[in-house]
Every structure is written in C-alpha cells, then in structure tokens.
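Here our numbering = 1-based position in the sequence shown + 1142. Even glycine gets a Cβ: it sits at the ideal position worked out from N, Cα and C. Everything numeric in this text was worked out from a predicted model, so none of it was measured. Notes follow once the structure below has been shown.
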Amino acid sequence: MKLLKSTALFLLLASSSVQAGMINVIDFTGNDWTGVGQNVTDEFTFGDIKLSSSGGNLTFNDSDSAGCTAASVLGLACIGDGIGISNDEITQGGGQVLTISFLGGPVDILDVHLLDLFATEQLSGEIAIINGTASAALDGSANAAGGYWATGLGFTGVTSITLSGNADKFSDYSLARIAYKVPEPTVISLFALGLLGLGFARRRKA
C-alpha cells in the first residue's frame, strides 16, 4: 500500500513538473467563450478560468466583432469582440470591473491584450487599469487596427486580475487575450520529487 501511495504521489509531482513553465494563451474572442453572450450573468467559468463582473453582466459581443476582425492578422479567432460588460465593453463611467480568476492556483501573467482601446480619443488616449496599474493607449503607441493593444503588463504568483477603466466616459475596451504560465516548481518540491523517485527505485531493486 505504501508503495502504491508513493508511486501515485511521485507521478502526480512529475506531472505537475511537466506542466509548469508551459505558456498558455487564452483567446477570449474564440468559441470557448460564446457562452458568455448566451447567458445573462455576471459569472462564467470555462475550465479553470472564471470571469466575473460588477457594474453589469458579462458580454461576448458576437454581433459586432468589427474591432477584432480589423486586428485578426494578430491571430485572434474573432468569433466575438472579446469580453466586456453590459453593452459591449468595460467602461469606468458605469463603475464596471472585470475579474479573471485562475481556479487551478497561482500563475504568472506574461501579457494582457485588449481590443477597442484607441489612442486618438480625447487627445490623451484611452486608459485601461489592470490590477491597479494604468495603461494608456497614447498617440504614437503601438496600437493596431481595431484598438488592439498588447499592454506588456506582467504579474507573478496571482490567482486573479482585475480590469477597470479611467474615471471618464470614453476609456472603454474589451479583453482579447491573456498569456500566462504556471510557476516553476519550488526547490523543495523538486527535492521531494527526487527523494520519492529514489525511494521508488530502491523498492524496485528490493
């Protein structure tokens, strides 16, 4: 029985080690998220990713994906125009906040990509606030057609991130894509894995 338990734990840790470090990309304009637009709700879960909103219900906006289509050269599915709130996008004027939760445990965020965040509105450009960090799409920044913008923001060891807008009525945008990876195993975990492997090998020899 002890051998079986040790083997099972060894395999579990080995599997976790294999998964760690792999880059995952979530395309929020793809088919996996069409259910957001089919349900009037402030929560939606697919796999181990949970979306929740305040200030209005979640939207997928599959009836108007022109912004995404304009940026489709960047590899988005464009079945919808990304995740927004209420009418279509996340707008601070309505006190709207989108939270993305990682139910499988902490992850490292590598980048957050947005749609409909344009550089030319109100002279100063639109602003997205991600985990309290303001990202401004200013004139001259690397915006593509459709207001697509890879913010370049990264966070380590997070279980959720929040998206909101600046305190005005024109800084609105939708969530297009998130790239993340599972943190590498800690030294202690790797040491434990090595001990289990050694114990397993000794039992087989015995």
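DSSP on residue 1307, reduced to helix/strand/coil? The sequence position of residue 1307 within the sequence shown is 165, counting from 1. In the structure shown, residue 1307 sits in a strand (DSSP, three-state: E or B).
Whether or not the region 1188-1204 and the region 1213-1232 are in contact is what I'm after, with contact meaning three or more pairs of Cβ atoms, one per stretch, closer than 8 Å; do they touch? As far as the Cβ criterion goes, the region 1213-1232 touches the region 1188-1204, which means the pair count is three or higher.
So residue 1250 and residue 1325 are in contact, right, with Cβ under 8 Å, and what is the actual spacing, rounded? In the sequence shown, residue 1250 corresponds to position 108, counting from 1. In the sequence shown, residue 1325 corresponds to position 183, counting from 1. With a Cβ gap of about 6 Å, residue 1250 and residue 1325 count as contacting.
Residue 1316 and residue 1185: beta carbons closer than 7 Å? Counting from one through the sequence shown, the residue named residue 1316 turns up at place 174. Counting from one through the sequence shown, the residue named residue 1185 turns up at place 43. At least 7 Å separates the beta-carbon of residue 1316 from that of residue 1185.
How would you label residue 1238, buried or exposed, when you count the other beta carbons within 10 angstroms and need 16 or more for buried? Here residue 1238 refers to the residue found at position 96 of the sequence shown. When all chains shown are included, residue 1238 counts as buried.
Give me whichever residues DSSP pairs with residue 1202 in a beta bridge. Counted from its first residue, the sequence shown places residue 1202 at position 60. According to DSSP, which records beta bridges pairwise, residue 1202 is partnered with nothing at all.
Quick one, which of 1258, 1298, 1274 has its alpha-carbon nearest residue 1210's? Residue 1210 sits at position 68 when you count from the first residue of the sequence shown. Answer by Cα proximity: 1258.
For residue 1253, name the three-state secondary structure that DSSP assigns. Walking along the sequence shown from the start, residue 1253 turns up at place 111. Three-state result, residue 1253: strand.
Any idea what DSSP makes of residue 1299, helix, strand or coil? One-based indexing of the sequence shown puts residue 1299 at position 157. Here DSSP, grouped into helix, strand and coil, assigns residue 1299 to strand.
Check the C-beta distance from residue 1192 over to residue 1243 and give it rounded, since I have them as a contact under 8 Å. Position 50 of the sequence shown, counting from 1, holds the residue named residue 1192. Position 101 of the sequence shown, counting from 1, holds the residue named residue 1243. So it is a contact: roughly 4 Å between Cβ atoms.
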